[in-house]
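Below is one structure, written out as structure tokens; the observations come after it.
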Ligand SMILES: [Zn+2]
Ligand SMILES: [Zn+2]
Ligand SMILES: [Zn+2]
Ligand SMILES: [Zn+2]
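In the UniProt record's numbering, the protein residues as written are 1 to 331.
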């Protein structure tokens with residue numbers, strides 16, 4: 001309600017406003033593009049030069065004059081907003097003013113006075129028909145566009161799902177590789193850990209008997225001396241019996257073997273793509289194209305040197321992870 005009041009009171013009589021007085025208008029002069037109050041409307045009609053002006057009131061009184069303003073602009077030159085159009089150029093298909101005539105259309109053929117060409121246009125089709133035509137055609141195009149947009153949206157969702165499932169497959173494969181490598185690492189390092197435990201245990205015992213020897217030399221019996229010697233010689237034998245397995249650990253080194261074609265694998269992954277293709281292409285070459293890409297990928301993998309280090313590729317094949325096909329958006 002408050003808004004409606006504000007809106008009404010924002011309209012002011014243009015003529016009275018010129019004298020600094022705010023008066024609510026009840027009329028609108030189409031020719032002057034101005035709101036006027038009843039007193040000014042009466043005055044407007046009294047002037048001979050303004051007598052022909054169209055003054056709107058009552059039901060015809062417009063709250064918004066945008067359409068009138070735009071209608072007024074229609075008859076003015078797009079390049080010279082203060083000059084009315086009076087020429088039509090069929091080559092450029094524009095209406096323009098006499099100032100534009102020399103400058104822009106000096107060499108154009110069949111430039112005619114706007115009055116004549118307008119008669120021509122209205123003779124071919126009625127304005128109402130032109131508007132109907134325009135509305136029907138643009139709405140039909142819009143409907144078609146909506147259909148295509150909807151198709152594209154479904155298409156995009158499908159491609160997004162495909163991308164996500166591809167990424168998931170990749171992640172799963174990488175996780176498998178990680179698991180296998182870690183398991184192998186644990187197995188291979190087992191002897192190192194075992195030797196370390198054995199040696200630590202012997203060192204611990206040796207250090208314990210070192211302390212005991214100090215006590216025994218001062219307070220122990222001859223029998224205890226013999227027994228300690230025996231225990232120490234057993235411990236020494238234990239150490240010597242482990243020599244072979246400890247030596248074999250010393251002679252080895254753990255190493256992580258990477259694929260020789262690791263860089264190729266990365267660049268192969270970079271060949272995945274999302275592309276726009278015409279619908280005709282989809283029907284004709286989708287199958288053969290996909291097979292080619294897959295075969296190329298297999299070729300690449302099969303030419304890799306088969307040694308322990310190729311387990312990355314083998315796992316990729318096991319997980320059907322080869323670059324099977326590019327991801328596509330159909331539009
Ligand atoms: Zn007034
Ligand atoms: Zn007027
Ligand atoms: Zn102009
Ligand atoms: Zn022209």
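Ideal Cβ positions, reconstructed from N, Cα and C, are used throughout, including at glycine.
Using 10 angstroms around the beta-carbon of residue 274, count the other beta-carbons present and answer buried if the total reaches 16, otherwise exposed.
exposed
Is there contact between the stretch 188-202 and the stretch 249-265, where contact requires at least three CB pairs shorter than 8 Å?
yes
Excluding the 5 residues preceding and the 5 following residue 12 in the sequence, name in chain order all residues of the same chain whose CB lies nearer than 6 Å to its CB.
22
How big is the Cα-Cα spacing for residue 323 and residue 143?
Because the pLDDT of residue 323 is 44, which lies under 50, any placement of that residue in the model is unreliable, and the number read from its coordinates should be weighed accordingly. Using only the alpha carbons, I get a separation of about 39 Å.
For ligand 2, list every residue whose C-beta falls under 6 Å from any of its heavy atoms, going in chain order.
29, 31, 32, 44, 50, 53
Quick one: what's residue 112 bridged to in DSSP?
88
Within 6 Å of ligand 4: residues by beta-carbon to any heavy atom
89, 91, 92, 105, 108
Count the CB pairs spanning the stretch 21-35 and the stretch 51-70 that are closer than 8 Å, and state whether there are at least three.
yes
Suppose you measure from the CA of residue 244 to the CA of residue 175; what does that come to, to the nearest Å?
37 Å
Measure the alpha-carbon distance for residue 172 versus residue 260 and round it to whole angstroms.
22 Å
From residue 264 to residue 158, what distance separates their C-alpha atoms?
29 Å
Are there 16 or more other CB atoms within 10 angstroms of the CB of residue 224, so buried, or fewer, so exposed?
exposed
So, residue 96 versus residue 79, is the Cβ gap smaller than 8 Å?
yes
Any heavy atom of ligand 3 closer than 7 Å to the Cβ of residue 99?
yes
Backbone CA spacing between residue 169 and residue 131 [nearest angstrom]:
56 Å
Which residue's Cα is closest to the Cα of residue 257: 81, 184, 195?
184
Beta-carbon separation of residue 246 and residue 195 under 8 Å?
Residue 246 places its beta carbon less than 8 Å from that of residue 195.
Under DSSP, the beta strand (DSSP E) around residue 51 begins and ends at which residues?
Residue 51 -> no beta strand (DSSP E), and no H or E assigned at all.
Taking buried to mean at least 16 other C-beta atoms within 10 Å of its own C-beta, is residue 41 buried or exposed?
buried
Delimiting residues of the alpha helix (DSSP H) encompassing residue 148
Residues 127-219.
Residue 10 and residue 36 closer than 8 Å at C-beta:
Not a contact, by the Cβ cut-off of 8 Å.
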